[in-house]
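Line by line, the protein sequences give chains A and B.
Just so you know, the first sequence maps onto residues 1 to 112 in the working numbering.
Just so you know, the second sequence maps onto residues 1001 to 1112 in the working numbering.
Here a beta-carbon is modelled for each residue, glycine too, at the ideal position from N, C-alpha and C.
These numbers were taken from a predicted model, which means no experiment stands behind them.
I have placed the structure first, in the form of C-alpha cells, so that the comments after it can refer back to it.
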Amino acid sequence: DAGITQSPRHKVTETGTPVTLRCHQTENHRYMYWYRQDPGHGLRLIHYSYGVKDTDKGEVSDGYSVSRSKTEDFLLTLESATSSQTSVYFCAISDPGGYGYTFGSGTRLTVV
Amino acid sequence: GESVGLHLPTLSVQEGDNSIINCAYSNSASDYFIWYKQESGKGPQFIIDIRSNMDKRQGQRVTVLLNKTVKHLSLQIAATQPGDSAVYFCAEINTGGFKTIFGAGTRLFVKA
C-alpha cells in the first residue's frame, strides 16, 4: 500500500526466539498501530503510538512490546515467540482526527 | 496470500447482480462506521464511511445503510464485478473514546 510498508512479508521462527516486525511510513502521520488478524476474529489492536516515544497498549498486548524512535518507523517485538502468536500482523496509520486507517500489506508470522 | 478467515460467512453472487453485506455492531456509543475491503494477500482498504447522524451514504457503486435502532450496518454493491471478490468487514468507532472495533468479515465470491 502506498506510503506504508511492512517487513518482512513472511517469517517462520521457532518458539522462544525474539522477533521484530517493522512498519515504515512516508505519510508523516502521527498515529501508528499494530493489529493481528486471526481466523474468525476481527482485527485486534496490539499496541499503538500517538507520537515519537509515545505508545500505549491495545486489547491483546501481552507478549508484545513496541518502539517508536522516529515518526516514520514503528517496531513490534515478540520477546519470546509462542505458537499462539502465529498470525497475520498489520500495521496501520492515521492522522489526528482521522479514524480511517491506511493499512500495510501485512506480515505472516508462523511460530513453530 | 494470507488467509484472512477460514470460517467467515460467505456470500456468492452472479456477476452483474447486486450484493448486500451485513454487519451488526455492538456499541451504542459508536458514532462513526467504516467498511473495508480486503483482497487476498493485501491489507484492508477503505471503501466508504458514514457518521451516526446519517442513515445512508452513497459512493461509486457502493451504498452504506445505517440503522441505529437495531445497530445494523449494510454495504450494498451495485452490478457486482469479479474484482469485487474479497473479504468485507465493518468497523465501528467511538470517536469520543478513541476506540475502534472491527467485525470478522464476510467473504464475497463473484461468479462470472
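N- and C-terminal bounds of the beta strand (DSSP E) containing residue i
{"i": "M1054(B)", "result": "Careful: M1054(B) lies outside any beta strand (DSSP E) and carries neither H nor E."}
{"i": "Y1032(B)", "result": "1032 to 1038"}
{"i": "Y64(A)", "result": "64 to 70"}
{"i": "V1110(B)", "result": "1106 to 1111"}
DSSP three-state assignment for residue i, whether helix, strand or coil
{"i": "D1084(B)", "result": "helix"}
{"i": "S194(A)", "result": "The shown model of chain A, from 1 to 112, leaves out residue 194(A), and the question about it has no answer."}
{"i": "K1071(B)", "result": "coil"}
{"i": "E1002(B)", "result": "Model confidence at E1002(B) stands at a pLDDT of 35, short of 50, so the residue's coordinates are unreliable; what they give is reported in the following sentence. The answer is coil: DSSP assigns E1002(B) none of H, G, I, E or B."}
{"i": "R1061(B)", "result": "coil"}
{"i": "V12(A)", "result": "strand"}
{"i": "T1095(B)", "result": "coil"}
{"i": "L1066(B)", "result": "strand"}
{"i": "R108(A)", "result": "strand"}
CB contact check: residue i to chain B, cutoff 8 Å
{"i": "S105(A)", "result": "yes"}
{"i": "G51(A)", "result": "no"}
{"i": "F74(A)", "result": "no"}
{"i": "L78(A)", "result": "no"}
{"i": "H24(A)", "result": "no"}
{"i": "L109(A)", "result": "no"}
{"i": "Y64(A)", "result": "no"}
Short Cβ contact (8 Å threshold) for residue i with residue j
{"i": "H47(A)", "j": "W34(A)", "result": "yes"}
{"i": "R68(A)", "j": "T77(A)", "result": "no"}
{"i": "I1048(B)", "j": "V1062(B)", "result": "yes"}
{"i": "N1022(B)", "j": "S1074(B)", "result": "yes"}
{"i": "L1011(B)", "j": "T1100(B)", "result": "no"}
8 Å contact criterion, which residue i and residue j should meet: CB distance rounded
{"i": "D73(A)", "j": "R9(A)", "result": "Wrong, their Cβ atoms sit about 17 Å apart, outside the cutoff."}
{"i": "F1033(B)", "j": "A1091(B)", "result": "7 Å"}
{"i": "G1016(B)", "j": "A1079(B)", "result": "6 Å"}
Residue-level contact to chain A via CB, residue i, 8 Å cutoff
{"i": "L1095(B)", "result": "Reading off the sequence shown, one finds Thr at residue 1095(B), where the question assumed Leu. So yes, T1095(B) belongs to the interface."}
{"i": "A1104(B)", "result": "yes"}
{"i": "K1071(B)", "result": "no"}
{"i": "G1016(B)", "result": "no"}
{"i": "Y1032(B)", "result": "yes"}
{"i": "F1089(B)", "result": "yes"}
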